[in-house]
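Residues 118 to 873 (full-length UniProt numbering) make up the sequence shown, in order. For every residue, glycine included, the Cβ atom is placed at its ideal position computed from N, Cα and C.
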Amino acid sequence: ARKGSALVREVREKQSSNKSRQRFWELAGSKLGDILGVEKSAEQIDADKEHVGEEGEVDFKEHAKFSSHMKQKGEAASEFSKTKSLTEQRQYLPIFSVREELLQVVRENQVVVVVGETGSGKTTQMTQYLHEDGHSTYGMIGCTQPRRVAAMSVAKRVSEEMECELGDKVGYAIRFEDVTGPNTIIKYMTDGVLLRETLREPDLDQYNVVIMDEAHERSLNTDVLFGILKQVVARRRDFKLIVTSATLNAQKFSNFFGSVPVFRIPGRTFPVNILYSKSPCEDYVDAAVKQVMSIHISCPPGDILIFMTGQDEIECTCFAISERMEQLEANARKAAAPLSILPIYSQLPSDLQAKIFQKAEGGARKCIVATNIAETSLTVDGILYVIDTGYGKIKFYNPRMGMDALQVFPVSRAAADQRAGRAGRTGPGTCYRLFTESAYQNEMLPNPVPEIQRTNLGNVVLLLKSLNVENLLDFDFMDPPPQENILNSMYQLWVLGALDNVGRLTSLGRKMVEFPLDPPLAKMLLSGDELHCVNEVLTIVSMLSVPSVFFRPKDRAEESDAAREKFFVPESDHLTLLNVYLRWKENQYRGDWCNDHFLHVKGLRKAREVRSQLLDILKMQKIPLSTCGSDWDVVRKAICSAYFHNAARLKGVGEYVNCRTGMPCHLHPSSSLYGLGYTPDYVVYHELVLTAKEYMQCVTAVEPQWLAELGPMFFSIKDSHTSRLEQRRKQKVEMTVMEKEMEEVRRSQAETARKS
Ligand code: CDP
Ligand code: MG
Numbered sequence: 118a119r120k121g122s123a124l125v126r127e128v129r130e131k132q133s134s135n136k137s138r139q140r141f142w143e144l145a146g147s148k149l150g151d152i153l154g155v156e157k158s159a160e161q162i163d164a165d166k167e168h169v170g171e172e173g174e175v176d177f178k179e180h181a182k183f184s185s186h187m188k189q190k191g192e193a194a195s196e197f198s199k200t201k202s203l204t205e206q207r208q209y210l211p212i213f214s215v216r217e218e219l220l221q222v223v224r225e226n227q228v229v230v231v232v233g234e235t236g237s238g239k240t241t242q243m244t245q246y247l248h249e250d251g252h253s254t255y256g257m258i259g260c261t262q263p264r265r266v267a268a269m270s271v272a273k274r275v276s277e278e279m280e281c282e283l284g285d286k287v288g289y290a291i292r293f294e295d296v297t298g299p300n301t302i303i304k305y306m307t308d309g310v311l312l313r314e315t316l317r318e319p320d321l322d323q324y325n326v327v328i329m330d331e332a333h334e335r336s337l338n339t340d341v342l343f344g345i346l347k348q349v350v351a352r353r354r355d356f357k358l359i360v361t362s363a364t365l366n367a368q369k370f371s372n373f374f375g376s377v378p379v380f381r382i383p384g385r386t387f388p389v390n391i392l393y394s395k396s397p398c399e400d401y402v403d404a405a406v407k408q409v410m411s412i413h414i415s416c417p418p419g420d421i422l423i424f425m426t427g428q429d430e431i432e433c434t435c436f437a438i439s440e441r442m443e444q445l446e447a448n449a450r451k452a453a454a455p456l457s458i459l460p461i462y463s464q465l466p467s468d469l470q471a472k473i474f475q476k477a478e479g480g481a482r483k484c485i486v487a488t489n490i491a492e493t494s495l496t497v498d499g500i501l502y503v504i505d506t507g508y509g510k511i512k513f514y515n516p517r518m519g520m521d522a523l524q525v526f527p528v529s530r531a532a533a534d535q536r537a538g539r540a541g542r543t544g545p546g547t548c549y550r551l552f553t554e555s556a557y558q559n560e561m562l563p564n565p566v567p568e569i570q571r572t573n574l575g576n577v578v579l580l581l582k583s584l585n586v587e588n589l590l591d592f593d594f595m596d597p598p599p600q601e602n603i604l605n606s607m608y609q610l611w612v613l614g615a616l617d618n619v620g621r622l623t624s625l626g627r628k629m630v631e632f633p634l635d636p637p638l639a640k641m642l643l644s645g646d647e648l649h650c651v652n653e654v655l656t657i658v659s660m661l662s663v664p665s666v667f668f669r670p671k672d673r674a675e676e677s678d679a680a681r682e683k684f685f686v687p688e689s690d691h692l693t694l695l696n697v698y699l700r701w702k703e704n705q706y707r708g709d710w711c712n713d714h715f716l717h718v719k720g721l722r723k724a725r726e727v728r729s730q731l732l733d734i735l736k737m738q739k740i741p742l743s744t745c746g747s748d749w750d751v752v753r754k755a756i757c758s759a760y761f762h763n764a765a766r767l768k769g770v771g772e773y774v775n776c777r778t779g780m781p782c783h784l785h786p787s788s789s790l791y792g793l794g795y796t797p798d799y800v801v802y803h804e805l806v807l808t809a810k811e812y813m814q815c816v817t818a819v820e821p822q823w824l825a826e827l828g829p830m831f832f833s834i835k836d837s838h839t840s841r842l843e844q845r846r847k848q849k850v851e852m853t854v855m856e857k858e859m860e861e862v863r864r865s866q867a868e869t870a871r872k873s
């Protein structure tokens with residue numbers, strides 16, 4: 118196991134004394150100070166949730182604003198893009214030089230794999246080339262993206278290049294947002310959206326061509342689409358499929374579709390010199406800081422990019438570098454060459470993110486400290502030095518515990534190579550690897566573990582079942598998920614009543630598929646129908662589908678906590694969310710009201726949008742909008758029906774254990790159930806987040822008889838008679854078994870990945 122960084126601890130200690138924190142802010146300039154002050158709860162739950170969202174659930178509205186903001190100011194635009202017309206820019210892209218050959222290969226083959234460097238023009242140009250070559254005459258050209266941000270920003274760019282309104286000829290669709298129209302011929306969408314479309318149209322008749330972009334990322338939905346599109350290709354001779362990929366997986370993709378051609382777009386990159394650490398490095402944060410200083414003092418101009426695992430490390434690294442800079446100046450008794458230290462991670466406010474693209478003041482050397490967001494998602498020109506710690510955060514699902522855990526893992530060789538490549542975009546560069554060559558060769562996996570092998574499959578199982586895939590273990594997966602994950606997800610669906618005893622979809626399951634929600638949330642909505650409180654449950658589900666609406670700036674923590682408490686419904690965080698929404702509605706959905714009450718107006722507005730989309734689906738399903746008025750007990754029962762696999766029993770002060778697994782779980786201090794002198798015997802929770810402790814997120818008190826009534830397969834009244842001692846003994850055994858299993862699952866996943 119990896120030892121924690123001593124430097125991180127040291128910096129944190131220093132920062133805990135206010136004086137040094139103050140000094141740091143002066144030293145680093147107010148901007149960096151602002152960043153470090155940005156919302157972080159005492160227990161770091163939020164910080165960890167942020168990282169879970171690192172790649173997926175980014176606030177995409179913010180990003181759209183961010184890119185247009187950059188355009189207006191012309192900050193991100195290079196000299197080149199400022200002076201050249203869009204047509205000239207298009208012609209300068211590497212893909213343009215092979216346009217004819219590419220189109221020829223597509224005309225002659227039903228499936229083609231296209232490989233090219235980031236920035237060569239695959240995403241923005243191929244759709245247009247295909248349109249120009251007549252492939253849009255009989256149907257749309259679809260292009261899938263693993264990330265929502267990418268789908269939106271790329272569609273916008275292409276609509277500009279084609280000189281049309283976004284949503285007209287060129288549009289995009291992401292969950293809860295469809296910006297396409299009757300004229301749309303080029304449609305960018307998330308892979309999840311296309312997957313859901315196969316439910317309505319198994320043969321995707323609307324499309325003439327589908328481009329599966331960024332397939333090398335192996336997102337869960339992309340992996341499922343692989344199997345489904347392979348069938349479409351077999352059934353429809355008039356359908357074309359293009360798969361884009363980084364170099365490493367290309368052959369594997371080609372083989373999956375029956376040795377189809379691989380088309381390579383020539384790159385325009387410079388060589389990168391790779392230097393390894395001579396011995397394993399004890400503290401990579403410390404090593405990275407030293408490396409930065411050595412580059413800054415002795416290497417020619419050129420910007421530096423450092424890869425760290427998350428926000429916490431990034432902040433500490435920035436702090437430590439600025440401190441060393443100060444020491445340097447103190448020792449030399451004169452100003453050192455300026456160094457501009459810039460953090461970047463997905464949750465950083467957008468105006469601060471934009472800074473990494475701007476020229477540093479006074480021509481200073483830039484030092485960007487990033488998460489893996491800078492691996493492929495963001496491209497910064499001018500980087501000549503990359504420092505790679507060799508680690509990243511990865512989300513792993515533990516089927517037995519039924520929860521995701523975010524852990525620091527060594528990255529794969531493919532990821533390390535991608536990171537190194539970032540140094541060679543502007544000129545010959547250098548990559549400093551803070552790990553040994555032998556670790557690279559022998560310890561790192563060749564490729565990242567695909568998401569399908571490390572995630573909860575509830576949604577996938579439900580979707581494939583409704584596509585009439587009888588035996589999921591036989592489905593044509595490129596890399597099958599561990600059987601245990603499939604079986605566990607099926608079990609969860611059975612418990613929710615979506616599958617029957619022989620694994621067939623029930624009528625409830627069929628209804629659940631209609632909603633683009635995780636199975637428990639879909640179940641909650643449908644229980645709301647049964648219990649005549651759809652209106653209330655609908656609001657709760659919408660609020661759970663957006664990032665937390667509570668705003669907690671560090672310097673006003675007490676004030677914001679007090680504001681939050683005013684909304685508390687003592688027996689339920691879910692009902693507290695409902696309360697917040699209703700109060701906002703009472704106040705005419707006003708933005709200033711949100712600011713006064715420490716609420717994120719953007720989050721609430723998004724919840725309102727989600728709510729109206731879900732309402733449309735309810736209408737289509739002919740489910741009436743019933744309401745229970747002010748009797749919210751029945752709402753708690755609907756909540757209970759969705760979460761009884763996450764039911765917990767009181768054990769001590771603020772301490773619970775999962776009824777089924779014996780897993781300890783704690784009330785978070787921010788919960789409305791915390792410290793109010795009211796601790797119910799039984800609760801259900803939305804999810805478990807593993808940080809310093811296992812914290813339950815979003816908790817609701819429930820009656821034990823509901824558990825027995827709604828989840829008879831789990832709970833019987835008899836249970837509560839077993840002696841405490843006996844229970845404790847059982848829990849202990851279960852915990853040991855679980856830990857062992859966790860270890861085994863991890864090992865077998867690593868094993869599968871190594872083999873593939
Ligand atoms: O997909 P690939 O990485 O091969 O390239 P692309 O996304 O098609 O980008 C080609 C070029 O289009 C980039 O180098 C940018 O200059 C430009 N682009 C942009 O200005 N705005 C976007 N949202 C996407 C691309
Ligand atoms: Mg692309």
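- Residue H333 holds the alpha-carbon nearest to the alpha-carbon of A532 among M329, I500, D750 and H333.
- Using a 10 angstroms sphere on the CB of D617, the tally of other CB atoms stays under 16, which defines it as exposed.
- With a contact defined as Cβ atoms closer than 8 Å, V125 and C433 qualify at about 5 Å.
- Note that the C-beta distance between H762 and D690 is not below 9 Å.
- Counted as a single uninterrupted DSSP element, the beta strand (DSSP E) harbouring Y393 occupies residues V389 to Y393.
- Taken through DSSP and simplified to helix, strand or coil, R550 comes out as strand.
- Taken in chain order, the whole alpha helix (DSSP H) runs of length 4 or more contained in the stretch 707-785 are 708-713, 718-737 and 750-760.
- Between V503 and I473 a beta carbon distance of about 14 Å is seen, past the 8 Å cut, so the two are scored as non-contacting.
- Runs of the beta strand (DSSP E) lying entirely within the stretch 312-358, each at least 3 residues long, are 324-329 in chain order.
- Pairing V389 with P383, the inter-Cα distance amounts to about 17 Å.
- In the DSSP annotation of this structure, the continuous segment of the beta strand (DSSP E) that includes C484 starts and ends at R482 to A487.
- Separation of the CB atoms of S659 and A724 is rounded to 5 Å, and the pair is thereby assigned contact status at 8 Å.
- T434: member of the alpha helix (DSSP H) spanning Q428 to A449, first to last residue.
- One residue list follows from the rule of a beta carbon closer than 6 Å to any heavy atom of the ligand CDP, given in chain order as L210, G233, T235, G236, S237, G238, K239, T240, T241, Q242, S270, V271 and R274.
- When distances are taken from the beta-carbon of E249 to the heavy atoms of the ligand MG, even the shortest one reaches 8 Å or more.
- In this structure, DSSP gives L124 a helical state, which the three-state scheme calls helix.
- Taking 8 Å as the cut-off, one finds at least one heavy atom of the ligand MG near enough to the beta carbon of T361.
- Apart from the 5 residues on each side of it in sequence, A639 sits with its Cβ closer than 6 Å to the Cβ of M629 and F632 in its chain, given in chain order.
- In the three-state DSSP reduction, M257 falls in the strand class (E or B).
- Relative to the ligand MG, A491 has its C-beta separated by 8 Å or more from all heavy atoms.
- Around the beta carbon of Y514, 16 or more other beta carbons lie within 10 angstroms, which makes this residue buried.
- Annotation for D798: L767 place their beta carbon closer than 6 Å to its own, counting only its chain and skipping 5 residues before and after.
- Per DSSP, reduced to three states, the secondary structure at S371 is helical.
- Nearest in C-alpha terms to K510, of all of L523, L501 and G499, is L523.
- DSSP, reduced to helix, strand and coil, places K512 within a strand of the structure shown.
- Between K201 and M257, the beta carbon gap of about 30 Å keeps them out of contact (Cβ cut-off 8 Å).
- If you look at R381, you'll find it isn't in any alpha helix (DSSP H); it sits in the beta strand (DSSP E) that goes V379 to R381.
- One alpha carbon belongs to E554, the other to L392, and they sit about 9 Å apart.
- Relative to the ligand MG, even the nearest heavy atom lies 8 Å or more away from the CB of D468.
- G779 and E826 have their C-alpha atoms roughly 21 Å apart.
- Boundaries of the alpha helix (DSSP H) harbouring K239: K239 to E249, taken from the DSSP string.
- Around the CB of N448, fewer than 16 other CB atoms lie within 10 Å, so the residue is classed as exposed.
- Taking a contact to require three or more Cβ pairs closer than 8 Å, the stretch 426-445 and the stretch 408-415 qualify as touching.
- In this structure, Q242 is the residue among Q242, R207 and Q206 with its C-alpha nearest to the C-alpha of L219.
- In terms of Cβ geometry, A481 and Y462 do not form a close pair [threshold 9 Å].
- Here A615 carries a coil assignment [DSSP, helix/strand/coil].
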